[in-house]
Amino acid sequence: MPKRKELITGRKSFSFKRFFLQWEWLLVLAFIAVNIFDAAISPYFLDMNNILSSTMNFLDNAFIVLPMVFVIMLGEIDISVGSTVALSAVVMGVFYDKFHTPMWLAVLICLAVGALCGLFNGMIIVKFKEIAPMIVTLSTMTMYRGIAQIIIRDQSGGNFAPWFKFLSWGYLGSIPFILVVFAVAAVIFGLLLHKTNFGRRVYAIGNNEIASLYSGIQIGRIKLIIYTLTGFMSGVAALFLSSRMGSTRSDMATGYELNAIAMVVLGGVNIMGGRGRMIGAIIAVFIIGFLKYGLGLINMSSQVVLIVIGLLLAVSVALPNIKKSGGKQRKTEEA
Amino acid sequence: GCSGNKPVATENGTSSGKGTSASSNQVYAIIAKNTGNPYNQAETQGFQDAVKEFGGKSIVRAPEQPTAEGQITIINQLIAQKVASIAIASNDANALEPVLQKAMSAGIKVLSCDSAVNPASRMVHVDQADPVKIGQVEVQAMGKMMNYTGEFAILSATSTADNQNTWIKYMKEELKKPEYKKMRLVKIAYGDDLPDKSTSETEALLQSYPKLKGIISPTTVGIAAAAKVLSDKGLAGKVYLTGLGLPSQMITYIKSGVCPWMYLWNPIDIGYITGYVSKALVDGTITGKIGDTFTAGRLGKYTVTKAADGGTEVLLGPPYKFDKANIDRWAKVY
Amino acid sequence: MCDCVLQIRGMTKVFSGVKALDSVSFDLKAGEVHALMGENGAGKSTFIKVITGVYQPDGGVIILNGRQVQINNPKDAQKFGIAAIYQHVTCYPDLTVTENIFMDHLEVSPKTGRILWKRMHAKAADLLRHLSSEIDPKTLMSELSVAQQQIIEIAKAISTHANIIIMDEPTAALTKNESEDLYKITDQLRNSGASIIFISHRFEDFHRVADRVTILRDSQYIGTWGVNEISEEELIVAMVGREIKQMFPPKTAVAREEILRVKGLTKTGYFSDVSITVKRGEIVALTGLVGAGRTEICETLFGIMKPDKGEVYFENKKIRIVDPNTSMKLGIGYLPEDRQVQGLIMNWSIQKNITVSRLEMFSNRGWLRPDLERSKAEELASMVNVKAKSVNAPALSLSGGNQQKVIVAKLLLADLKLIILDEPTKGIDVGAKYAIYEIMDNLAAQGYGILMVSSELPEVLGMADRIVVIRRGRVSKTFSRRDATPEKVLEAAMPIETAALCQE
Amino acid sequence: MGKRTKNLGRFQRDWSRQVGLTLFIIAVSVAVDIRNPRFFSVVNLSDMISNTAILSILAIGMMIVIITAGIDLSIASTMALSGMVTALTVQANRGLSPMLALLIGLAVGVLCGGVISVFVVRFSVAPIIATLGFMNAYRGLTYLVSHSNWVGPGQMSNGFMMIARGKILGINNLVIIAMLLYLLAFYFLNYTRFGRQIYAVGSNAESAKVSGINTNHVLFTVYVIMGAFAGLAGVLWVSKFASAQGDTALGYEMNVIAACVLGGVSLRGGSGKLSGVLLGSLLLGILNDALPLIDVSPFWQSAIQGAIILVAVISNVFFKRRVEYKTLARRNI
Ligand SMILES: Nc1ncnc2c1ncn2[C@@H]1O[C@H](COP(=O)(O)OP(=O)(O)OP(=O)(O)O)[C@@H](O)[C@H]1O
Ligand SMILES: Nc1ncnc2c1ncn2[C@@H]1O[C@H](COP(=O)(O)OP(=O)(O)OP(=O)(O)O)[C@@H](O)[C@H]1O
Ligand SMILES: [Mg+2]
Ligand SMILES: [Mg+2]
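Protein chains in written order, with my numbering: chain R, 56 to 390; chain L, 8 to 341; chain V, 461 to 964; chain D, 5 to 337.
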């Protein structure tokens with residue numbers, strides 16, 4: 056073997072500028088700004104109870120953001136999640152209402168249906184690589200909601216067991232239960248992405264799927280797991296949404312997919328895959344959630360809110376590139 | 008009667024009146040089904056008029072899509088603002104129960120209007136018209152138009168719309184009466200309140216049932232789309248159309264005879280009464296139990312009665328009939 | 461002065477603190493073929509990209525026909541009559557050959573602006589015939605092999621009527637025959653008055669086509685010589701800065717028991733009835749013309765493709781090949797042909813690239829251990845002698861040879877028994893080549909079985925214990941090291957029709 | 005002989021998708037006609053084709069965007085905005101000529117597309133994100149300009165409504181407009197420099213840049229074109245349904261994307277054919293028309309529609325794999 060000629064030991068130099076110019080710090084700043092803004096425009100905002108309880112309005116959707124980070128990290132997309140929420144909630148309702156299963160069993164069924172929907176997406180995407188995931192999930196989006204319609208028709212299900220209401224409406228001490236669950240889930244997903252083999256492989260696939268294949272990464276298996284996980288988390292979202300509404304129907308959770316995608320991207324995850332961090336997406340969830348809540352507290356019309364959120368998304372993603380005239384893409388170094 | 012008010016542009020935001028009564032410091036909120044719909048626009052306008060009249064502050068809100076999720080978020084925001092009352096035209100009868108109960112336990116008066124929430128989640132409902140009546144008059148109108156013989160169809164909104172389904176249920180009841188025995192309801196189609204889908208559904212009805220003599224469409228988008236198809240195909244006088252429609256949308260078709268007449272109520276008046284019911288609840292004049300009475304400004308005195316769903320309600324009156332004679336005047340209003 | 465069409469003075473280019481070009485000067489005479497040589501990372505490609513306006517220099521001047529010019533973008537270069545064939549084929553895979561050739565100067569009717577397809581197809585066919593290629597101008601670029609794509613690139617450069625043509629390692633993907641064709645084309649171009657800059661790591665290229673040679677080393681200009689003024693040894697010294705006595709390391713490994721036996725392996729459309737054996741400590745070369753299907757055979761053994769027929773025995777056990785993961789678990793590793801796409805994650809650091817295929821080695825029940833990862837990556841990177849600031853440097857910033865070394869390091873990490881190397885020295889300089897040969901020999905001595913695909917005959921003859929020649933997807937002949945001569949191997953690789961055609 | 009097989013190969017490469025789709029369309033049509041013989045009536049077919057016209061127009065624009073490896077989710081909102089602005093203008097001046105109305109819609113569309121272009125090209129925002137943002141913004145703007153009201157037939161001039169209703173030589177105007185646009189687009193994409201540059205940029209943006217194509221210019225134009233098509237379609241939509249609403253065409257972008265993908269436009273960019281896109285639109289148009297006709301329960305409609313799209317794309321994959329395998333097997337190995 057050749058002798059060691061040059062030792063490669065240089066450490067990555069630490070630069071404060073680079074560290075604080077990271078997208079996540081900008082998000083933190085934006086988050087603080089949103090809170091100051093909210094407090095300034097509405098006297099009702101700076102009430103700890105209000106702030107905490109406002110989280111129940113957007114956290115059910117946020118459960119989907121967590122696995123969506125993985126999906127987008129792969130450079131793919133899943134737009135069937137909203138329909139998966141509806142289908143799993145509806146099935147849960149039917150089992151509880153019609154078949155009189157115990158509530159806990161209905162809950163498990165809800166999660167299982169979500170996971171199955173995701174598994175189905177994953178299987179088709181893995182088996183038929185020629186079809187773009189967007190198209191697969193576009194058709195299952197129509198299909199899953201359609202199945203929900205077949206099952207429940209024009210009815211609404213519900214009348215769930217009393218404890219079920221606790222999921223979205225209950226508190227642990229003064230902290231909403233949903234916030235606690237979300238925090239736990241966020242930590243788990245964050246660790247999974249950044250601290251494990253699995254997460255590293257997801258990054259690899261997102262950066263270069265072909266090289267990942269040649270490196271012996273089991274791409275199909277990883278994708279299958281991620282889509283199933285996405286379905287499962289849609290099932291979780293379905294639980295909390297059903298609890299929030301106390302009932303289920305086939306048209307619930309419309310638009311959840313685009314909300315989730317918007318938060319993931321605002322969080323700095325590159326839509327082409329391979330770049331970004333979990334923490335960014337989580338901060339983005341709270342930025343958008345609190346901004347919407349604050350604007351709601353001053354009773355801003357939902358039409359204006361629509362414009363504000365739309366522009367926020369486009370402008371904030373554009374922001375890092377506005378100064379650079381070369382038009383180079385922002386690069387967030389992944390963990 | 009007609010309020011004569013023109014719908015004003017500012018749908019949202021608070022507007023305060025100059026009254027001096029106890030109600031003047033109170034904030035009254037109304038939540039419509041969704042934004043961007045002139046019917047909801049007129050309804051909230053009436054509400055704002057009423058609140059202005061008795062000198063309170065009004066908040067008008069609506070989610071951008073007609074979903075229960077959006078309404079729940081708005082109700083949460085209103086609870087945080089400690090409003091005095093919340094009136095809601097609900098997108099789902101049951102889904103709002105948890106949040107509305109939370110509102111009531113926070114001391115907020117809760118009522119529904121136009122589209123009811125279940126009795127457990129409200130104190131009282133303001134009903135635009137008796138659903139039984141609506142079902143009856145539409146079938147009666149259809150019968151008259153098609154001479155009580157032949158095939159007809161219903162073009163509804165989405166298959167999940169609660170009020171549509173209730174009306175259709177009462178239409179079917181009405182059809183059981185002997186005078187309709189030669190009439191046959193061939194199909195209930197769903198246009199999802201989308202112009203394009205309603206159009207192809209109407210075209211499919213005409214294709215599949217060549218002998219079709221009438222269409223009832225109890226939804227504003229559906230009736231307009233159906234009217235457009237019938238008049239484009241020159242079927243005025245051959246296939247009759249009636250249902251619930253907005254005068255401003257339907258004026259052309261009523262004049263051309265595609266839709267000889269149709270029904271609706273005055274959404275401005277619903278909003279207006281809702282405003283006064285809110286006030287009465289906040290003032291303690293009524294509690295929402297049967298027999299309570301109150302005065303609703305220019306519309307006079309109303310009594311709380313029992314509703315079909317087991318709760319209580321305030322009933323505006325019978326649906327209003329629009330035909331060639333009065334359509335011009337109403338088309339300007341909403 | 462001189463009759464130079466192009467003069468470069470004091471050219472400097474800095475990439476984030478690293479000087480890729482350090483005050484380089486260069487003269488190109490009219491009608492000459494000027495070879496540009498140097499180790500991997502010497503700055504050759506960067507030099508070319510500065511001339512063609514892809515990069516902007518940080519210092520220095522470009523003098524074209526005696527006039528100082530500014531080349532701001534590739535379009536400018538095109539206007540000045542400079543055309544380039546880049547090291548990595550830059551094509552439009554979804555478009556036809558004609559379009560690939562003519563995209564930047566599509567011919568349109570002057571009156572209506574309508575594209576004249578017929579005219580262009582005909583011209584393209586002409587050009588290709590000129591290059592003695594049979595490619596149909598209407599085929600999609602993605603349907604062509606790498607070598608064929610290279611020919612299209614050349615056609616593209618010729619079609620612009622440029623008088624300065626730059627070729628960055630055009631022969632790297634070509635076999636001997638194809639290289640011969642390229643030499644002829646180069647001669648033709650020179651005779652028609654064009655000046656050519658020709659970058660290559662192959663000495664045959666240099667001897668065959670060049671008039672003069674310029675050497676770059678460590679981003680600096682070393683010197684320019686006429687082709688007859690310098691010997692190969694001197695050239696190597698100039699390039700590497702030290703002497704390399706032999707091209708191939710002495711053989712130390714001895715063949716032991718059989719490790720791989722392939723029987724009748726068939727993949728419809730790619731190869732059929734292929735039987736190969738590899739022993740421990742043995743280097744077996746798969747050679748043949750480009751497009752013969754060697755890569756596909758290797759990829760099938762590695763589990764990228766699924767065979768339709770045939771049996772594979774590994775360590776005397778019959779195995780079923782499922783996917784690369786199972787193959788690697790069994791002990792089969794593969795160094796792919798296209799390092800940028802298949803081998804590396806270009807914007808990842810060297811460290812992460814090295815460890816990605818064996819993450820379980822650096823983790824504890826699935827949890828990553830960055831410290832372990834780093835020390836192992838550093839060890840391996842210095843073992844294969846990767847030139848970089850640190851293992852945190854992105855693969856993207858490495859030169860081709862160093863990128864290849866990183867992939868080799870990646871293979872050394874995995875616990876393998878059989879290593880398949882597809883064109884392991886493609887585009888690699890002499891120094892690095894020798895290092896890779898040493899590694900190969902060393903591995904063989906350690907008992908690895910090695911299956912190597914190569915189009916370079918000297919390499920095949922110099923390194924292999926046995927040579928398997930593939931022709932049109934079938935094993936045409938097998939030679940032992942002793943029996944093989946260049947003529948025999950070439951004959952076995954030649955397509956049968958060509959042989960028949962020659963006789964007519 | 006060799007030449008023959010080669011040409012056959014090219015035919016398969018270029019037309020297999022179209023042939024497959026046509027067969028699929030025929031199969032669906034025949035199946036529907038068996039259940040309801042009125043399907044193949046002249047009236048129904050002409051209804052169906054004019055209903056599909058707007059979708060097929062939008063699909064042209066979307067195809068061009070997707071060829072550059074982009075996507076535009078904002079088109080439905082652009083349609084709503086342009087339709088609404090035009091309808092409000094018509095409402096204010098009943099005498100406005102229909103031509104002018106179309107131009108207004110076109111202008112609004114171009115403006116909307118231009119803004120998106122700036123974000124995609126100048127600020128390098130991924131197209132899916134930029135257009136997702138402006139999908140919301142334009143929709144909100146539509147509600148604002150209309151003050152949440154609708155413009156109904158009563159407020160429109162007859163001339164305006166005749167844009168979509170009128171006929172030339174017995175063919176509906178919408179169909180004529182769509183056909184003209186297809187011819188125009190065909191020429192543009194296949195016989196102009198710019199058209200080919202669009203494909204080049206989508207196929208490999210890097211080499212396009214290196215070979216001196218102004219990729220920014222190409223991308224910019226592509227979104228403006230899409231905007232123009234959406235603007236135009238918005239006016240046609242409002243004219244056809246005689247109603248301008250805030251929620252006009254809500255969610256329609258997904259139908260358009262589906263039409264493109266069914267037609268073989270690759271989301272990775274670089275490839276796509278007008279003939280495929282036309283067939284893709286037609287398949288969706290047939291589904292929309294046929295499901296109500298065959299009297300399936302309304303509750304089953306969307307499940308069936310989703311399943312059919314899935315089956316169509318999957319069967320295309322099988323078809324393609326089969327073709328590929330056959331070409332491979334024909335190779336002389
Ligand atoms: N885009 C870039 N960013 C940073 N460094 C770069 C970049 N491109 C090249 N370099 C560095 O510049 C030096 C010269 O690279 P170049 O590609 O010109 O080498 P080369 O002589 O062509 O090598 P090879 O023979 O391997 O192709 C290398 O050290 C490389 O790491
Ligand atoms: N007769 C043929 N017609 C069309 N394409 C062919 C034919 N034979 C082979 N090919 C294709 O040409 C390509 C040639 O690829 P490639 O150059 O990698 O071949 P190879 O012999 O494996 O190359 P190398 O040995 O240089 O790595 C293959 O992908 C194969 O699909
Ligand atoms: Mg180079
Ligand atoms: Mg090869």
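Where is the CB? At the ideal position from N, CA and C, for every residue including glycine.
Could you pull the DSSP bridge partners for residue i from this structure?
i, result
"M471/V", "V484/V"
"R721/V", "T737/V, Y773/V"
"Y794/V", "I880/V"
"W304/D", "According to DSSP, which records beta bridges pairwise, W304/D is partnered with nothing at all."
"Y197/L", "S163/L"
"V493/V", "I656/V"
"C120/L", "V133/L"
"F301/L", "Y309/L"
What would DSSP say about residue i, mapped onto helix, strand or coil?
i, result
"S2/D", "Nothing in the structure corresponds to residue 2/D, since chain D is present only between 5 and 337."
"V529/V", "strand"
"T90/D", "helix"
"N97/D", "coil"
"K383/R", "With a pLDDT of 39 at K383/R, under the threshold of 50, the modelled position of that residue is not reliable, and the figure given next carries that caveat. Of the three classes helix, strand and coil, the one that applies to K383/R here is coil, per DSSP."
"V340/L", "coil"
"G20/L", "Note that G20/L has pLDDT 41, beneath the 50 cutoff, so the model's placement of it is unreliable and no number is given."
"G24/D", "helix"
"H338/D", "As shown, chain D starts at 5 and ends at 337. That puts residue 338/D outside it, with no answer to give."
"W80/R", "helix"
"D330/L", "strand"
Checking 8 Å against the spacing of the C-beta atoms, do residue i and residue j come in under that value?
i, j, result
"L746/V", "I624/V", "no"
"N116/R", "A292/R", "yes"
Please list, in chain order, the chain B residues whose beta carbon lies closer than 9 Å to that of residue i.
i, result
"Q204/R", "Any reference to chain B falls outside this structure, whose protein chains are R, L, V and D."
Less than 8 Å between the CB atoms is what I'm expecting for residue i and residue j, so what's the real figure, rounded?
i, j, result
"V89/D", "V47/D", "At roughly 34 Å, the Cβ-Cβ gap does not stay under 8 Å, so V89/D and V47/D are not in contact."
"I82/L", "I37/L", "No, I82/L and I37/L are not in contact; Cβ-Cβ is about 12 Å, not under 8 Å."
"V94/D", "M160/D", "6 Å"
"A91/L", "V34/L", "6 Å"
"G229/L", "D200/L", "7 Å"
"T252/D", "G87/D", "5 Å"
Shorter than 7 Å, the distance from the beta carbon of residue i to the closest heavy atom of ligand 5, or not?
i, result
"G301/R", "In the structure on display, ligand 5 does not appear, and the ligands it does have are ligand 1, ligand 2, ligand 3 and ligand 4."
### Task
Only counting runs of 4 or more residues, tell me where the alpha helix (DSSP H) segments fall wholly within the segment 529 to 602 of chain V, in order along the chain.
Given a length threshold of 4 residues, each whole run of the alpha helix (DSSP H) inside the segment 529 to 602 of chain V is given here in chain order: 534 to 539, 557 to 562, 577 to 590.
*asked:* My parser needs the alpha helix (DSSP H) runs of 4 or more residues fully inside the segment 190 to 227 of chain R; what are they?
replied: Counting only runs of 4 or more, we get 221 to 224.
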